[in-house]
Each structure stands twice: as C-alpha cells, then as structure tokens.
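Worksheet: the structure to be examined is printed underneath.
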Amino acid sequence: MQKIPGLISILIPSVLTLLIINSLFDIVSLKIQGMPLVFPFILCPIGTILGSVGYKMNRDKLSLVGIIFNIILFLFPILYNIVAILTQGP
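So the sequence shown is numbered by our numbering: it starts at 136 and just counts up by one.
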C-alpha cells in the first residue's frame, strides 16, 4: 500500500513517453497530434508530487526514480521545441 504513489509516479511518465515516441515515429495512427508534447506540462508535476509523497513515506528508490523521470520528461518538450526552432527555423 505504501508503494502505490511510487508506482503511479513511474507509470505516468512511462505512458507519456510511449505517447511521445508514438507521435514522433507514427507507430500507431492516433488523432492526438500535439497533445503528447503538452501532456507532460500537466501530468509530470502531479507525478513528481506523488513521487515525493511516496519518498517521504517510504524512502525507496522507486519513488526517487519516479521523481527524476518526471522532471526529465517535464523538460523534454521545452528542449524539443528549442532544438526544433534552432534546426528548422521559426
């Protein structure tokens, strides 16, 4: 029961990563064109909060990995947009 926040904090960025990979490589045709790059701004702070709650409750590595994974995924769309503008222009 105490590992549930840590598991959810890992599950959120895992699903978002799969959506981003799908949107970049068009593996399965979905009609959510720009949303995978917007979802991390909404869901990653929630996953980070859940990971920090789980880390305070349990001090396990699962919650710590969830916190780190959420922070990295939160920064990915920002870096993606910067690189896209620098390489392709505005």
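Idealized CB from N, CA, C, for every residue including glycine.
Select from Val163, Leu185 and Asn216 the residue whose C-alpha is nearest the C-alpha of Val200. Closest option to Val200, Cα to Cα, is Leu185.
Go to Gln223, then tell me how far its alpha helix (DSSP H) extends in each direction, as first and last residue. Taken as a continuous stretch (DSSP letters only), the alpha helix (DSSP H) holding Gln223 covers Lys196 to Gln223.
Considering Cα atoms alone, identify which of Ile217, Ile156 and Lys196 is closest to Pro140. The closest CA to that of Pro140, considering only Ile217, Ile156 and Lys196, is found on Lys196.
Could you tell me whether the Cβ atoms of Leu154 and Pro180 are closer together than 8 Å? Cβ atoms of Leu154 and Pro180: not closer than 8 Å.
Own chain partners of Ile202 with C-beta closer than 7 Å, once the 5 adjacent residues on each side are dropped: If we look at Ile202 and ignore the five residues flanking it on each side, its Cβ neighbours are Ser144, Thr183, Gly186, Ser187 and Tyr190.
Proximity of Val150 and Asn157 at Cβ, strictly below 8 Å: Pairing Val150 with Asn157 gives a Cβ-Cβ distance that is not under 8 Å.
Contact set for Ile206: own chain, Cβ-Cβ below 7 Å, skip 5 residues either direction: Excluding sequence positions up to five before and after Ile206, its CB lies within less than 7 Å of the CB of Thr183, all in the same chain and listed in chain order.
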